[in-house]
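Numbering (UniProt numbering), first residue to last: 1 to 438.
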């Protein structure tokens, strides 16, 4: 359906035109948008005020409101005009305007909405900024985004809420290494365990967040109870020290060693066993008081000696930037853009993915895959010891990636939520190189 005269006036910011065509209020145009939404999209506050009473409360097919759009765009005058008529409305996934404020770190909007919407939890799993379970709160979303001021605003009213997977706001803050958010939440939420038995400390160990781990040492000694894929296939019966040891996170292991040394997993294996199994001799040396830790698997002492003979320096953490293809399929026509992400960023995105896209660490990982980087010209490789989910991907002649060629179908590597890592030497990589994209 085409845009009405009212919509065109709202889009232009023509307040007089809006008044003249108010009889068209309530109609929907392209993408089911209303005149009010057009006014919000372009920041025309006077038109928003004229239309709020007539069209306030109308929602897009997915449940989004004009207020949510105003928050995303940061048009605070529009937000103020719409709070009274659209607060407490939810999207189909159960997201509120306050949750949009938390996601976008819009502190002013959060202040306006907290008394009206604090305490609401999502009814379904959500898909931004990554897949989340049902039961999410605005505080959890703020914590996952590192929105410290909003966490400070909401932590008293929404603290100790739990999503359906058992995660708290503290766990989300730790998951993404947001130390200040974790500090605000630790006193009230420390001690909670997820549905798989993960504590915030175990999560800190898994993502190598030393600063967060220091806040959470009172949780030492707890073990996971079930296998989880959420953080790269963490098994049952593991302590935070074991998780740090199996992933080669030396400083976190050093912090936890005095607290969890000698603890056994459900198969009577120590943290040192995990360090040796995954070839981290520096951590194995750190945990030498645990013995060889190999008796349950029958590995020989010569194997232990061979592994320990390797370098004992903590493994470095690459910050090499990598090219990642971002495919946005939300619109009618998919769009494709390039994003710079570090090795660590990609690993975290992969770990956030559900299903078979999780990370495998240690000597059992599949062969390394080479990715294009932006560190120098000519393109230099970056290798990742990780499993990515390969997917065929087509780029038509209208895509910026096709360089005017016929449709290209290429295997790229799916990380999470539409992000794709591009192997070096692939057809698309060849096209990019010729075009000078890098």
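Backbone N, C-alpha and C define an ideal beta-carbon position, used for all residues, glycine too.
Predicted model only: the values in this text are computed from it and were never measured.
Burial state of residue i (16 or more Cβ within 10 Å)
| i | result |
| --- | --- |
| residue 48 | buried |
| residue 265 | buried |
| residue 267 | exposed |
| residue 127 | exposed |
| residue 78 | buried |
| residue 1 | exposed |
| residue 31 | exposed |
| residue 291 | exposed |
| residue 111 | exposed |
| residue 158 | buried |
| residue 29 | buried |
| residue 86 | buried |
| residue 333 | Legend: pLDDT at residue 333 = 40, less than 50; position of this residue unreliable, no value from coordinates given. |
| residue 10 | buried |
| residue 69 | buried |
Option in the options with minimal Cα separation from residue i
| i | options | result |
| --- | --- | --- |
| residue 219 | 186, 196, 63 and 249 | 186 |
| residue 147 | 176, 16 and 123 | 176 |
| residue 117 | 89, 124, 179 and 209 | 89 |
| residue 224 | 252, 210, 166 and 278 | 166 |
| residue 150 | 64, 87 and 114 | 114 |
| residue 247 | 215, 217, 209 and 216 | 209 |
| residue 119 | 135, 61, 181 and 82 | 135 |
| residue 80 | 216, 56 and 252 | 56 |
| residue 137 | 84, 196, 97 and 62 | 97 |
| residue 3 | 271, 276 and 27 | 27 |
| residue 59 | 46, 38, 42 and 181 | 38 |
| residue 272 | 280, 193, 284 and 279 | 284 |
Test item: CB-CB of residue i and residue j under 8 Å
| i | j | result |
| --- | --- | --- |
| residue 245 | residue 274 | yes |
| residue 204 | residue 174 | yes |
| residue 476 | residue 44 | This structure gives no information on residue 476, because the portion of the chain shown stretches from 1 to 438. |
| residue 198 | residue 170 | no |
| residue 18 | residue 51 | yes |
| residue 188 | residue 160 | yes |
| residue 105 | residue 71 | no |
| residue 286 | residue 257 | yes |
| residue 141 | residue 99 | yes |
Contacts around residue i, its chain only, beta-carbon distance under 6 Å, and the 5 residues preceding and following it disregarded
| i | result |
| --- | --- |
| residue 235 | 227 |
| residue 6 | 21, 24 and 35 |
| residue 178 | 146 |
| residue 132 | 126 |
Same chain only: Cβ atoms within 7 Å of residue i, ignoring 5 sequence neighbours per side
| i | result |
| --- | --- |
| residue 243 | 202, 205, 206 and 234 |
| residue 122 | 93, 94, 95, 134, 135 and 136 |
| residue 63 | 90, 91 and 92 |
| residue 180 | 148 |
| residue 124 | 93, 94 and 134 |
Close beta carbons around residue i, own chain, < 8 Å, minus the five adjacent residues each side
| i | result |
| --- | --- |
| residue 221 | 239, 259, 260 and 263 |
| residue 155 | 139, 169, 184, 185 and 188 |
| residue 53 | 85 |
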